[in-house]
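In this note's numbering, the protein residues as written are 796 to 877.
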């Protein structure tokens, strides 16, 4: 089960009837809550687009990109001043 975040955000989402029935069936079959399925779905979506899923991963990615040679060369040669 996902950890409860300190600061939670809420968003109202709307499903068409066939999608809602499919999700509802999955909820019953998997014995998970809607929140658990939503957390899993959004983690998978972020992973698909190679986006960090938590602060630790975001910091790791930020450190990796700031130490790459291309990022360093961009800092030394700002646009318009080459």
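Cβ coordinates follow ideal geometry from the N, Cα and C atoms, glycine included.
Once the 5 residues before and after residue 825 are set aside, which same chain residues still bring their CB inside 8 angstroms of it? 832
Looking at C-alpha atoms only, which residue of 830, 823, 810 is the closest neighbour of residue 879? The requested residue 879 does not occur in the structure, where the chain is confined to residues 796 to 877.
Going by C-alpha distance, which of 859, 850, 856 is nearest residue 801? 850
At what residues does the alpha helix (DSSP H) containing residue 847 begin and finish? Run containing residue 847: none; DSSP gives neither H nor E here.
As assigned by DSSP and simplified to three states, the class of residue 831: helix
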